[in-house]
Each structure stands twice: as structure tokens, then as C-alpha cells.
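Everything below concerns the one structure shown next.
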Amino acid sequence: MICIDCLHISLNRILLLAVGLWPYQQSKLVRLQLILFFTILITFIIFQFTPLVTSKCTPDLFINVFSSASFYIIFVIKYSCFSINIEVVKCLLEELQDIYNELTDENEISIIRKYGKYAKRCTAALIIVGIFSAPVLFLYPFWPYFFDILLSINESRSYPRLLSITEYFVDQKKYIYLILLHANAATIIVIVAILATGAILIALLIYACGMFRIASYRIEQAMAVDTMRKGSLQNKNLIYKKLIHAVDMHREAMKFSSSSISRFKVMFSLIIAIGVICASLNFFRVFQMMSFEYDGEISLLPLTCVIVCLIYLFASNYFAQEVMDHNNDVFVTVYNIKWYAASLNVQKMILFLLQRSTKVFNLNIAGLFVGSLEGAATLLSTAISYFTVLYSTRT
731 MICIDCLHIS
741 LNRILLLAVG
751 LWPYQQSKLV
761 RLQLILFFTI
771 LITFIIFQFT
781 PLVTSKCTPD
791 LFINVFSSAS
801 FYIIFVIKYS
811 CFSINIEVVK
821 CLLEELQDIY
831 NELTDENEIS
841 IIRKYGKYAK
851 RCTAALIIVG
861 IFSAPVLFLY
871 PFWPYFFDIL
881 LSINESRSYP
891 RLLSITEYFV
901 DQKKYIYLIL
911 LHANAATIIV
921 IVAILATGAI
931 LIALLIYACG
941 MFRIASYRIE
951 QAMAVDTMRK
961 GSLQNKNLIY
971 KKLIHAVDMH
981 REAMKFSSSS
991 ISRFKVMFSL
1001 IIAIGVICAS
1011 LNFFRVFQMM
1021 SFEYDGEISL
1031 LPLTCVIVCL
1041 IYLFASNYFA
1051 QEVMDHNNDV
1061 FVTVYNIKWY
1071 AASLNVQKMI
1081 LFLLQRSTKV
1091 FNLNIAGLFV
1101 GSLEGAATLL
1111 STAISYFTVL
1121 YSTRT
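Residues in the sequence shown are numbered from 731 upward in steps of one, following my numbering.
Structure, rendered in C-alpha cells:
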């Protein structure tokens, strides 16, 4: 069992509970909750594709349908992958708790707590963004009515307009509020699922950074000048012991960060592929809106999709880059210590550590993509290239 307060994941627990993904509460009622949520999401995606059957399938209709449906598909994939691998999340949290419990040095405990508080602040920031963005999406169909009231315009409107094109095979004017309820329910599930799954992955990567920082701290302590000045066998053994502990923590950090990503490689591969397509299509729709070639009243969803994709792209790759940088900092620490003041045997151990730095450590996804800011720029460049090709074929 884990200590939620020690790991600073109380907010993550609330988010995961809201979508039935908290690994320590998987009752039959929670399973029923998951089935209900998946039913809402999948049916909403299906009803976004039905216009391709009932209407004349034109390139514009195809782009409109896939640009919105692909956005929901991305997070249904992530939601389903987390629900399938819920035991993996549990194992990662328990592994993190075990590492925390093994820490005895007050400075090391302070370091891991510092990173835990940072993870909690990131989760709180994501929740605030979600709280402020959700009402905008929910009230969007009613904006024309608000503007009519504010501007005192006596213009009759038949019914609110939906964010995306859908076909429910019923009289849309008659059942508009039930349709809105279905769409809003799917949207709120997606928003909470994005926050819950994204925040817990970010927290795990931040804790991995904390482990790398502890490894650096242990190396610094092992090679403290006042320790090396004493040439007794006892102090040499103390240096060996501290260096071994530093190497152990470094290995734990690499293993933990790799495990946090490797268990979800299939999910990330699908998200990358569909995400690039989604971003390209929504870039195209936003560009049409800016060029006054597109109906501005239904432009909020593509703009939202673009913003969410960009935030998701750079946030995830930023924390992957942080893991790489913290790993490199360990070897920078090894380079900067006063190795020349140590004994010959200790210098050989330091040389062994430096040789490890020749092997690049990164968060690799199925051998196709490396999580980093450079990788984020590459994906964004790919999405823009596809958008450029799409726009050139439509003009």
C-alpha cells in the first residue's frame, strides 16, 4: 500500500477516481462506471462518423468529421490503455513508494519531497486549465443567445448549434438538448481522462528526475573533500559504499523512467500517428476560418483541438527532456568532482562511471520516436507539412 501524502498524489488520486482508473479501488461499481464511460465515448465517436453515411461524402465533410472524431479517438485510446494496464500503474506507484521508504538521509528525503511538491503543482495547474476551459466548451452552443441578449438583437434562433457534425437518426431540433447532453458528457469524460492520465505520467517522470538528482547528490557526498583527505581503509570503504549507492539509485531511476513509458509504447505509438493527423486536419480548418472560407460559428472545436494537441505535445516531451537532462547531470557531477584527490582504486570506479556516459539514455517509444523537445519539434514540423500538402490540394 502507498502513502498518498508522502508521494503528494492526492490530486492525482481524485482525478483517477473520477474516471475509474485509481488502481486501489476497482470494485464492481467502478467497473460499471468504466463500461458506462466507454459506452458514452464510443457512441459519440460513432455518431460523428454517421454523417459520412447519410450525407454526400465530400472532401470537406470528410475533413470536418475526421478532424473532430480523431481528437476523441486519441483520448479514448489513452483511456482504454490505462484501464487495461491499471495493474502496471499500481506496480509503478508501489515501486516509487519502496524507493521512498528506502531513503534514510534527510537531504535525500528533502530532494524527493521537493520533486513531489513540484509534481503536485503541475497537477494543480492542469486542473485549473481544465476548470476554466470546460465551461467555454459547454456554453459554446448557447453563445449566440447570450450575444443577442447583450446586444439587444431580436433575431430568432431555432436551436443551439453543436460543436461537431453528428447524425443521430432523429429529429435534431426536437432532441437537441439530449444530443447536447450526450456530447457534453463525452467531452467532460475526455477532459477528466486527459487530466488524470497525463498528470499521473508527468508525476512519475518528475519523480524519476528526483531519483537522478539523488544519485548526483550521493556522488557529491561520496567524493567530499574532507572524506578523501583521510586515507584510512575505513574511509576508502565508505567512499566505495557511497559510490555503489549512487550507482544503484541511478540504475533505479533509469529503470523506473523507462518502465513508466515502455508499458505504454503501443498507446503512445497510436497517439503519435493519430495525433499528427488530427493536428494537420485541425490546422487546415483553423486556417480556413482565418481565411474567411469557413463558417466561423463552428470554429471553436478545431481551435481547441489544435491548442490541446500543442499543449499535450510540448508538455509530454518537455518532461521527457527533463528526464534526459537529469540523467546527463549525473555524469556532469562525476566530471566535476575532485577525482584527482581520490585513491587510484576510487579513480578506476569513477572512470567506470564516465564510460557509462557514452551510452545515450532516452525515453524511446517503439524505436520510432524519442521523447524530447527536438522530437516535439519534429512532430510539429510533420503535422505542418501534412497541413501544407492538404491545403495545396484544396486550393
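Built from N, CA and C at the ideal position, the CB exists for glycine as well.
Under the three-state DSSP convention, the category residue i falls into
i: F812; result: helix
i: N1094; result: strand
i: F1099; result: strand
i: Q1085; result: helix
i: F994; result: coil
i: Q756; result: coil
i: V955; result: Low per-residue confidence applies at V955: pLDDT is 48, beneath 50, and the placement is therefore not dependable, though the value from the model is reported in the following sentence. V955: helix per DSSP, three-state reduction.
i: K1068; result: coil
i: F1117; result: helix
i: D835; result: coil
i: T769; result: helix
i: E1104; result: helix
i: F899; result: coil
i: Y905; result: coil
i: M731; result: coil
i: C821; result: helix
i: T788; result: coil
i: L751; result: coil
i: L1109; result: helix
i: L892; result: coil
i: T1123; result: helix
i: S1021; result: coil
i: S1073; result: coil
i: H912; result: helix
Other residues of its chain near residue i: CB distance less than 6 Å, five sequence neighbours each side excluded
i: L1031; result: S798, L893 and S894
i: T927; result: K808 and F812
i: I839; result: L833
i: V1076; result: I969
i: I944; result: E838, I841 and M979
i: N794; result: I895
i: L1120; result: F1014
i: P753; result: I816, V819 and K820
CB of residue i within 8 Å of CB of residue j, strictly
i: L1110; j: L1043; result: yes
i: Y802; j: F768; result: no
i: F792; j: T896; result: no
i: L856; j: T1034; result: no
i: V1053; j: L1083; result: no
i: I936; j: Y845; result: yes
i: N742; j: A929; result: yes
i: V1100; j: F942; result: no
i: L826; j: L751; result: no
i: F1117; j: S989; result: no
i: A1106; j: N1047; result: yes
i: I770; j: A983; result: no
CA-to-CA distance, residue j to residue i, given in whole angstroms
i: S946; j: F1049; result: 19 Å
i: V977; j: V1090; result: 16 Å
i: K758; j: V996; result: 27 Å
i: A748; j: D828; result: 26 Å
i: L766; j: H980; result: 43 Å
i: S1102; j: C939; result: 14 Å
i: N1057; j: V859; result: 30 Å
i: I772; j: E836; result: 49 Å
i: D956; j: P865; result: In this prediction, D956 scores a pLDDT of 45, lower than 50, which makes its location untrustworthy; the coordinate-derived value is nonetheless stated afterwards. Computed Cα separation, rounded: 60 Å.
i: S1021; j: Q902; result: 30 Å
i: T1112; j: S1122; result: 15 Å
i: I732; j: Q951; result: 29 Å
i: T1108; j: L823; result: 32 Å
i: I685; j: K972; result: The first residue shown for the chain is 731 and the last is 1125, placing residue 685 beyond what the model contains.
i: L1098; j: Q1085; result: 26 Å
i: K985; j: Y905; result: 53 Å
i: L1074; j: R948; result: 20 Å
i: T780; j: F899; result: 9 Å
i: L1093; j: L931; result: 13 Å
i: Q998; j: S800; result: As written in the sequence, residue 998 is Phe, which differs from the Gln given in the question. Between F998 and S800, the C-alpha separation is close to 15 Å.
Contacting residues, own chain, Cβ-Cβ under 7 Å from residue i (five flanking each side not counted)
i: I739; result: A933
i: I804; result: I1001, I1004, G1005 and C1008
i: L745; result: V922, L925, A926 and A929
i: I734; result: S740 and R743
i: S987; result: L935, A938, V1053 and L1093
i: V760; result: G750
Own chain, CB closer than 8 Å to residue i, minus 5 neighbours either side, in chain order
i: A1072; result: M953, M958, I969 and I1080
i: V1016; result: S1029, P1032, L1033 and V1036
i: Q755; result: L747
i: A913; result: F774, L892, L893, S894 and T896
Closer than 8 Å to chain D by CB, residue i
i: V977; result: Protein chains in the displayed structure number just one, and chain D is not present.
Is the region 783-802 touching the region 845-856, taking contact as three or more C-beta pairs under 8 Å? no
Would you say the region 795-810 touches the region 907-927, given that touching needs at least three Cβ pairs under 8 Å? yes
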